[in-house]
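Residues in the sequence shown are numbered consecutively from 1, following the UniProt record's numbering.
No residue lacks a Cβ here, since even glycine has one placed at the ideal position from N, Cα and C.
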Amino acid sequence: MGKRVKTDSKHGKQASRKKVPSEQTGGSAWGKKVSEWFAGQKQKIDVKKMVILNIPYVIFFYLSEKVAWLYRHCIGDSIVEKLGVVFLNFNLAFQNPFPSFHIYDIAAGITCAVALKLFVYYKGKNAKKYRQGVEYGSARWGTAKDIEPFIDPVFEKNIILTQTERLTMNSRPKQPKYARNKNVIVIGGSGSGKTRFWLKPSAPVRAV
């Protein structure tokens, strides 16, 4: 007996199934996510601002590249002599306005531009932080929320400073950044209430 082959009833051919790739899975979905990510990054980047901020570095690159070209063509026995020749003939570097595109000159230009960029970044990183629209060094009156972390929940374990402000006597609070010196100095002339309004209200608390 011969072997039987399962065939398609309509076409008389061997039945076979071909898997059609779904647009929701696989490479197409991954590519879609990547394109969306790039589109989001493009929106975040302000191209106009980026170009304006980098114009000084492009100019510095151009100047450095031209000076490197002039230095390379100067004759001298030492670096100092060549630099002197460059200084005396600086205008010759710009007789041809186009860059030289020599590898040495381009490398010198890139090095100088990157060095300037790093210098500016370092100075900006260590610059003082100013608040726009507010005078430098200005202050404000504190609120109850500002003093709250310094107050012990137990009333008797505080130094009374005012009617609403207190300072915990705990030398090791849960958060060390709120630890403060416990010395208090009260300044006032005779009869100003140093004893009446600070010492006496604090005495019962200290006695507990």
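{"Query": "Buried versus exposed, by CB contacts within 10 Å (16 or more), residue 166", "Result": "buried"}
{"Query": "Beta strand (DSSP E) runs wholly inside the region 142-181, at least 3 long, in chain order", "Result": "158-160 and 166-168"}
{"Query": "Selected residue, minimal CA-CA separation from residue 183, among 197, 158, 59 and 174", "Result": "158"}
{"Query": "Stretch pair the region 100-108 + the region 60-79: three plus CB contacts closer than 8 Å", "Result": "yes"}
{"Query": "Length-filtered (4 minimum) alpha helix (DSSP H) runs lying within the region 82-125", "Result": "103-125"}
{"Query": "Of the listed residues 196, 150 and 91, nearest to residue 177 (C-alpha basis)", "Result": "150"}
{"Query": "Endpoints, the alpha helix (DSSP H) within which residue 63 is located", "Result": "47-73"}
{"Query": "Three-state secondary structure assigned by DSSP to residue 34", "Result": "helix"}
{"Query": "Distance, residue 46 Cα to residue 70 Cα", "Result": "37 Å"}
{"Query": "Contact check, residue 144 vs residue 162, beta carbons under 8 Å", "Result": "no"}
{"Query": "Inter-stretch contact (C-beta, 8 Å, three-pair minimum) for the region 75-92 and the region 109-119", "Result": "no"}
{"Query": "CB of residue 107 within 8 Å of CB of residue 57, strictly", "Result": "no"}
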